[in-house]
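Residues 599 to 946 (our numbering) make up the sequence shown, in order.
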Amino acid sequence: MGIAFPFSAIVGQDEMKLALMIAAVDPKVGGVLAFGDRGAGKSTAVRALAALLPAMSAVIGCPYQCDPADVAAQCAACRARSKPSGKTKKPAALKAHQVPVPVIDLPLGATEDRVVGALDLERALAHGEKSFEPGLLARANRGFLYIDEVNLLEDHLVDLLLDVAASGENVVERDGLSIRHPARIVLVGTGNPEEGELRPQLLDRFGLSVEVKTPNDLPTRIEVVKRRDAFETDPTAFVAHWEKEEAKQRKRILAGREHIGAVKVADRELEQAARLCMALGTDGLRGELTLMRAARAVAALEGAKAVDDRHLKTVAPMALRHRLRRNPLDDSGSSVRVERALDELFAP
């Protein structure tokens, strides 16, 4: 893997950057969908996030990178190794090391076996043993699964992702194998809406949806070109120049993760979230849940003690724009409809 463009050096695209940081602080938000113009920095931002994220603790030798401190989310092998033993009946300590948070690409042409895993044919032929060869979902556990051109993904892979996103587990039963392993992934999808729409079932699984547009002001466009040129001319020097800012953002994410459990969400803010979703006619309650979680993550990133109206207003467009029903009597874009509802709800 080559040197990634620094996250802090990305010009503009503030909504996309904030959405990715929210997902990094609280994966329960449900992933990020970035739709918009080609060449506007969608893929760059996702790969930059991978380099920015703090390392995580993982069990040594585990193909799923299980968290040694979270027994409930461990694979069967790690749980068996950590079972209490001896007179003290204390769980056995699993040896762990620090590893980068995985950001795994899911290519459009990937086979089902490559995604979910399959029988290790080489071992089966050489030793006559049935052994599981983990797939992309195993490698992405506790991290991010990145799908470029997600709207062009084949239907059978979409169905797989829907099951895994809902359950947090990957179940493989084929070739005489029966395997169940953790697959707690954050989906990150990018695409161009001109090339096709996303299936509603998968669209709903993304917690946040951001619109990525080419900058239309001259200074911003010039700065984008200057920074990209400087990076491609001397990547090492460019990354070194931005390391202090990267360290600040990394520290901010870590502080947000530690603080999020203490952030309060008052009943008034829950009521405001519910009123907004009702005014927009969103289906189900996933809108309110995502809105609350995203607002809490933003508050945690700021170090705030409680969610307030400002946090709700910040995250509402990205949490709700992709959940709106089409209204034949209103041809306004979804972002405009959310902004209009916000103005009415939070009118002075």
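Just so it is clear, CB atoms sit at the ideal spot from N, CA and C, and this is done for glycine as well.
Would you please state the rounded distance, in angstroms, between the beta carbons of residue i and residue j? I believe it to be under 8 Å.
i, j, result
"Ala648", "Thr788", "Not quite, the Cβ-Cβ distance comes to about 14 Å (not below 8 Å), so this is no contact."
"Pro780", "Cys673", "6 Å"
"Ser655", "Gln696", "6 Å"
"Gly628", "Gly882", "In fact, because the Cβ distance is near 13 Å, the residues do not count as touching under 8 Å."
"Ala607", "Arg825", "6 Å"
"Leu889", "Leu918", "7 Å"
"Glu886", "Ala872", "5 Å"
From which residue to which residue does the beta strand (DSSP E) around residue i run?
i, result
"Leu631", "Val630 to Gly634"
"Asp906", "That residue, Asp906, is in no beta strand (DSSP E); it is neither H nor E in DSSP."
"Ser776", "Leu775 to Pro780"
"Gly787", "Val784 to Gly789"
"His920", "Segment: none, His920 is in no beta strand (DSSP E) and carries neither H nor E."
"Glu771", "Glu767 to Arg772"
"Gln696", "Ala694 to Val697"
"Leu743", "Phe742 to Asp746"
"Ile702", "Val701 to Asp703"
"Ser655", "Met654 to Val657"
Measure the CB-CB distance between residue i and residue j and report whether it falls below 8 Å.
i, j, result
"Phe730", "Ile658", "no"
"Glu821", "Val609", "yes"
"Arg740", "Arg677", "no"
"Val936", "Ala914", "yes"
"Pro625", "Val837", "no"
"Met619", "Ile858", "no"
"Ala895", "Leu910", "no"
"Gly854", "Val644", "no"
"Ala939", "Leu878", "yes"
"Arg803", "Leu758", "no"
"Leu943", "Gln870", "yes"
"Thr980", "Ile601", "A query on residue 980 cannot be resolved here, the shown segment of the chain reaching from 599 to 946 and no further."
"His754", "Glu795", "no"
Here's a check: name, in chain order, each residue in its chain whose Cβ is nearer than 8 Å to the Cβ of residue i, leaving out the five neighbours to either side.
i, result
"Lys862", "Lys903, Ala904 and Val905"
"Ile702", "Leu734, Arg737, Ala738, Gly741, Phe742, Leu743 and Tyr744"
"Pro926", "In this predicted model, Pro926 has a pLDDT of only 49, less than 50, meaning its place in the structure is not dependable enough to derive any value."
"Glu747", "Leu706, Thr788, Gly789, Asn790 and Glu793"
"Ala675", "Cys660"
"Arg848", "Leu650, Leu651 and Pro652"
"Gln611", "Ala638, Gly639, Ala643 and Val810"
"Thr912", "Leu616, Ala893 and Val896"
Starting from the C-beta of residue i, find all residues in its chain whose C-beta is less than 7 Å away, skip the five residues before and the five after it, and write them out in chain order.
i, result
"Thr812", "Asp635 and Ala638"
"Leu751", "Leu706 and Ile745"
"Ala563", "In this structure the chain extends from 599 to 946, so residue 563 is not present and cannot be described."
"Leu899", "Met619, Val623, Arg850 and Gly854"
"Asp941", "none"
"Arg891", "Asp624, Lys626 and Val627"
"Leu692", "Val657, Pro666, Cys676, Arg679 and Ser680"
How far does the alpha helix (DSSP H) with residue i in it extend, from its first residue to its last?
i, result
"Ala939", "Ser932 to Leu943"
"Leu806", "It is not in any alpha helix (DSSP H) - Leu806 instead sits in the beta strand (DSSP E) that spans Leu806 to Val810."
"His839", "Pro833 to His839"
"Ala675", "Ala674 to Arg679"
"Ser641", "Lys640 to Leu650"
"Ile620", "Asp612 to Val623"
"Val863", "Taken as a continuous stretch (DSSP letters only), Val863 belongs to no alpha helix (DSSP H), as it is neither H nor E."
"Asp711", "Glu710 to Val714"
"Ala575", "It is not possible to answer for residue 575, since the shown part of the chain is limited to 599 through 946."
"Ala898", "Arg884 to Glu900"
"Leu801", "Pro798 to Leu801"
Skipping 5 residues on each side, what residues in its chain have a beta carbon closer than 6 Å to that of residue i?
i, result
"Ala801", "Inspection of the sequence shows that residue 801 is occupied by Leu rather than by Ala. Result list for Leu801: His920, in chain order."
"Arg797", "Val756"
"Val808", "Glu613, Met614, Ala617, Ala632 and Met916"
"Ala621", "Val627, Val630 and Val784"
"Ala897", "Val861, Val905 and His909"
"Ser932", "Arg919 and Leu922"
"Glu867", "Val905"
"Cys875", "Gly885 and Glu886"
"Ala670", "none"
Under 8 Å, Cβ to Cβ, is there at least one residue of chain D near residue i?
i, result
"Asp802", "In the displayed structure, chain D is absent; only one protein chain is listed."
*asked:* Does the contact criterion of 3 or more C-beta pairs under 8 Å hold for the region 828-847 versus the region 661-676?
replied: no
_Closer than 8 Å is the cut-off here; do at least three beta carbon pairs connect the region 756-775 with the region 705-715?_
yes
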